[in-house]
Amino acid sequence: MRPKINGFTLVELMVTLVIAMLLIGVGAPSLKSLYEGYRADSEIRKVSQSLQFARSHAVSYGSRVTMCPIVSGSCNSDWSKGYKIFLDNGTANQIDGNDEILTVVGAFNSSDFVTYDNSSISYSPDGLLTGAFTSGQFVYCPANKSSDESLGIDLSPSGKSKYSTTSVNCM
Numbered sequence: 001m002r003p004k005i006n007g008f009t010l011v012e013l014m015v016t017l018v019i020a021m022l023l024i025g026v027g028a029p030s031l032k033s034l035y036e037g038y039r040a041d042s043e044i045r046k047v048s049q050s051l052q053f054a055r056s057h058a059v060s061y062g063s064r065v066t067m068c069p070i071v072s073g074s075c076n077s078d079w080s081k082g083y084k085i086f087l088d089n090g091t092a093n094q095i096d097g098n099d100e101i102l103t104v105v106g107a108f109n110s111s112d113f114v115t116y117d118n119s120s121i122s123y124s125p126d127g128l129l130t131g132a133f134t135s136g137q138f139v140y141c142p143a144n145k146s147s148d149e150s151l152g153i154d155l156s157p158s159g160k161s162k163y164s165t166t167s168v169n170c171m
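Numbering (the UniProt record's numbering), first residue to last: 1 to 171.
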């Protein structure tokens, strides 16, 4: 009598591979949305922590602290390239000899959309927002500008920040 050999036939293996490919094909698009959601959440948390960092340092140092995207030493409006947080002791919204850089946050994902109502966010020594815009919304939209994964942070004149509870406008 022949001993029984355990294993798979070629047909069984091919059927299993076809089923696996179908499941991957159906599940992959939903994974992209999941990834965008995690990325958006991670990035907006980083912004929130930066805002808290800037505000607490303004109060701690008793000095104006500015958070803005920097190009050639002064603030611009392209938040997607990252931003710096610095003690703004000299000319407002410019890094000059009197200023001290506290931290630098690198660029966001190149396909994402990041914006704020103004080119800078400045906190006074008492932790209040200063400047032309004393409130606003920081918006982060992953790759697709109409994504449901888009998130925002609302800033109040008191300097406090909170996650937006309403839908954010990515356009």
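We put the beta carbon where it would ideally sit given N, CA and C, even for glycine.
Classify residue i as helix, strand or coil using the three-state DSSP reduction.
i: THR16; result: helix
i: ARG39; result: helix
i: VAL168; result: coil
i: ILE24; result: helix
i: PRO3; result: coil
Per DSSP, which one or two residues make a beta bridge with residue i?
i: TYR163; result: ILE153
Hey, residue i and residue j are a contact pair by Cβ (cut 8 angstroms); roughly how many whole angstroms apart?
i: SER80; j: VAL114; result: 4 angstroms
i: SER150; j: ALA40; result: 7 angstroms
i: THR66; j: ASP88; result: 4 angstroms
i: CYS75; j: ASN93; result: 4 angstroms
Label residue i either buried or exposed according to how many other C-beta atoms from any shown protein chain fall within 10 Å of its C-beta, with 16 as the threshold for buried.
i: TYR140; result: buried
i: residue 172; result: For residue 172 there is no data in the structure shown, the boundaries of the chain being 1 and 171.
i: GLU12; result: exposed
i: ARG55; result: buried
i: LEU34; result: exposed
i: SER77; result: exposed
i: ARG64; result: buried
i: PRO69; result: buried
Exercise for the section: Kindly provide the ranges of any beta strand (DSSP E) runs that are 3 or more residues long and lie completely inside the UniProt domain "General secretion pathway GspH" (44-159), ordered along the chain. Expected result: 65-68, 83-87, 100-105, 113-115, 121-123, 136-141, 151-155
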